[in-house]
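Undergrad: Sharing a structure below in structure tokens format, with a few things to ask.
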Amino acid sequence: MTSPIHNFSEIGKLKTVLLKRPGREIENFTPDMMPRLLFDDIPYLPKAQEEHDYFANTLRDNGVEVLYLEKLAAEALDAGGAELKDKFLEQMLTESGYAAGSTHDALKEYLASMNNQDMVNKIMEGIRKNEIDFVPTDLQSMAEDGDYEFYMDPMPNLYFTRDPSAAIGEGLSINHMTSLLVNENHYSTKLLLNIIHVLLTKVYMYGVIVTILLVSKVEMN
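Numbering (the numbering used here), first residue to last: 86 to 306.
Dropping the structure here:
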């Protein structure tokens with residue numbers, strides 16, 4: 086298989102850049118998340134989007150191709166078909182602490198009902214507990230922190246697309262972040278390796294992009 090990655094210069098002319106446009110993850114971002122996500126303040130979404138669009142258009146005006154993480158992630162899952170989407174969801178839920186039980190079933194049904202683009206957007210935005218109308222019936226679900234408002238946290242750190250991975254030559258470096266995730270609602274390193282294997286095997290061209298979405302979770306604690 087020929088690698089689609091060919092990056093042999095750190096100072097050559099920029100041809101393509103991967104960005105994440107600010108979205109609803111900003112609106113779901115709460116003050117108590119700031120210390121562990123290394124934010125000093127909560128950005129104002131309209132202003133963040135305005136500044137981002139100006140930056141992206143400046144790149145385009147200088148001949149740079151602008152790609153968006155959220156769109157490429159959905160394309161990766163589209164290319165992999167229903168089997169890949171199901172495996173993605175199962176591994177995501179398992180490594181987020183929901184391997185089985187009523188919470189697992191409710192979250193999977195909620196996410197699986199969406200098209201891939203909406204599902205990717207929702208994963209990035211975070212899932213609040215009040216979005217899903219169900220009553221836990223298993224002990225694990227009932228024992229969870231009832232005061233915490235998220236099943237899955239928003240992912241504002243996706244804007245830092247250079248941090249979780251880097252293209253080197255014809256390969257991809259998955260970087261070790263400052264801290265590993267310990268919250269049960271986050272992804273783990275094991276999940277990253279599983280998803281990377283699945284995606285790089287089935288849809289190599291798109292899979293390397295989706296790894297950024299997943300490995301970004303390791304940056305949060």
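The beta-carbon is built from N, C-alpha and C at its ideal position, and this holds for glycine as well.
Going straight from the alpha carbon of Gly148 to that of Arg213, what length do you get?
TA: Taking the straight line joining both Cα atoms gives about 40 Å.
Undergrad: Are the Cβ atoms of Pro239 and Glu194 separated by less than 9 Å?
TA: No, the pair does not count as a contact, with Cβ atoms beyond the cut-off.
Undergrad: Buried or exposed for Ala158, please, with buried defined as at least 16 other CB atoms from any protein chain shown within 10 angstroms of its CB.
TA: With 16 or more other Cβ atoms within 10 Å, it is buried.
Undergrad: Under 8 Å Cβ to Cβ from Met119, same chain only, skipping five residues before and after it: list those, please.
TA: For Met119, where only same-chain residues beyond five positions count, the Cβ hits under 8 Å are Asp125, Asp126 and Ile127.
Undergrad: Below 8 Å on the Cβ atoms is my guess for Thr163 versus Asn201; work out the distance and round it to an integer in Å.
TA: Reading off the sequence, residue 163 comes out as Asp, not Thr. Rounded, the Cβ-Cβ distance is 5 Å, consistent with contact.
Undergrad: Name the DSSP bridge partner or partners of Ala251?
TA: According to DSSP, Ala251 bridges with Ser258.
Undergrad: Please list, in chain order, all residues of the same chain as Ala191 whose beta carbon is under 8 Å from its beta carbon, the five residues on each side excluded.
TA: Answer for Ala191: Ile217 and Phe219, listed in chain order.
Undergrad: Just curious, the alpha helix (DSSP H) that Val205 is in, first and last residue?
TA: From DSSP, the alpha helix (DSSP H) with Val205 extends over Asn201 to Glu210.
Undergrad: Specify the secondary structure class of Met240 as computed by DSSP and reduced to three states.
TA: Correct three-state label for Met240: coil.
Undergrad: Taking its Cβ as the centre, do 16 or more other Cβ atoms sit within 10 Å of Asn215, making it buried, or is it exposed?
TA: It is exposed - the Cβ of Asn215 has fewer than 16 other Cβ atoms within 10 Å.
Undergrad: Would you give the residue range spanned by the alpha helix (DSSP H) that Glu194 belongs to?
TA: Residues Ser187 to Ala197.
Undergrad: Could you please give the first and the last residue of the uninterrupted beta strand (DSSP E) stretch that includes Thr101?
TA: Where Thr101 is concerned, the enclosing beta strand (DSSP E) stretches over Thr101 to Leu104.
Undergrad: Starting from Glu135, follow the alpha helix (DSSP H) in both directions and report where the run begins and ends.
TA: First-last of the alpha helix (DSSP H) with Glu135: Leu130 to Asp146.
Undergrad: What does the alpha-carbon distance come out to for the pair Lys132 and Thr222?
TA: Computed Cα separation, rounded: 43 Å.
Undergrad: What are the start and end residues of the alpha helix (DSSP H) that includes Glu112?
TA: Glu112 -> alpha helix (DSSP H) spans Arg109 to Asn113.
Undergrad: Quick one, which of Val205, Leu104, Tyr129 and Glu150 has its alpha-carbon nearest Ala161's?
TA: When each option's Cα is compared against that of Ala161, the closest is Val205.
Undergrad: Under the assumption that His137 contacts Pro107 (Cβ atoms under 8 Å), give the Cβ distance between them as a whole number of angstroms.
TA: Contact holds; Cβ gap of about 6 Å.
Undergrad: The alpha helix (DSSP H) spanning Leu122 covers which residue range?
TA: Counting along the chain, the alpha helix (DSSP H) containing Leu122 begins and ends at Met119 to Leu122.
Undergrad: Strictly under 9 Å for the Cβ-Cβ distance: is Glu135 near chain D by that measure?
TA: In summary, chain D is missing from the structure at hand, where a single protein chain is found.
Undergrad: Terminal residues of the continuous beta strand (DSSP E) containing Tyr153?
TA: Glu150 to Tyr153 is the span of the beta strand (DSSP E), which, as asked, contains Tyr153.
Undergrad: Inspect the beta-carbon positions of Leu196 and Ala141 and report whether they are closer than 9 Å.
TA: No. Outside cutoff.
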